[in-house]
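One structure is given here, and the rest of the page talks about it.
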Amino acid sequence: MIKKYVMATIKIPMELKKDNTIESFSEYIDMSFEKIDKIPEKKNITFDDKYITEKINNFYSFKESESESESESESEPEPEPEPEEQKSIIIKKEEIKKKNKKNRITTFKIRDKLLHRQTSRKYI
88 MIKKYVMATI KIPMELKKDN TIESFSEYID MSFEKIDKIP EKKNITFDDK
138 YITEKINNFY SFKESESESE SESESEPEPE PEPEEQKSII IKKEEIKKKN
188 KKNRITTFKI RDKLLHRQTS RKYI
């Protein structure tokens, strides 16, 4: 019997409250699956609330330090990149095909009875 393995990626939106508790919004869960050939190595991590809050706090402290470094770098004026030349399309008059429009005159006058096999439209 052939063993089949699937890797599930689960995205759960969570709210980290002031008292370090986590509230997950289960109605917004997003899951995706991908095929894998073998099971990855086992990790010795217990995914409890303490571990998750620690990871989230580390994530936010990292984001805040990034934003502070960006604000410091914004104080220094950065050289503006030179604008690239935009490619333009040039169409010559010779390249455009001339349309020959024939004048078509349509009349609704009463014609001879012998014209029932012909059209009443006159092409000029």
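Per the working numbering, the sequence shown starts with residue 88, numbered consecutively. For every residue, glycine included, the Cβ atom is placed at its ideal position computed from N, Cα and C.
- Considering only Ile-126, Ile-89, Met-101, the residue with the shortest C-alpha distance to Ile-116 is Met-101.
- In this structure, the CA atom of Lys-125 is about 30 Å from the CA atom of Glu-141.
- Residues of the same chain with a CB within less than 6 Å of the CB of Lys-179, apart from the 5 flanking positions on each side, do not exist.
- Your pair Ile-132 and Leu-103 does not check out as a contact, with CB atoms roughly 19 Å apart and the cut at 8 Å.
- Ranked by Cα distance from Asp-106, the first of Asp-136, Ala-95, Lys-174 is Asp-136.
- Contact annotation: Met-94 and Lys-122 have beta-carbon atoms nearer than 9 Å.
- For Ser-119, the closest alpha carbon among the candidates Lys-185, Lys-98, Ile-177, Glu-172 is that of Lys-98.
- Rounded to the nearest angstrom, the gap between the Cα atoms of Glu-181 and Gln-173 is 24 Å.
- Straight-line spacing of the CA atoms in Lys-91 and Ser-148 works out to 40 Å.
- Contact between Ile-109 and Ile-139 is confirmed by a C-beta separation of about 6 Å, below the 8 Å threshold.
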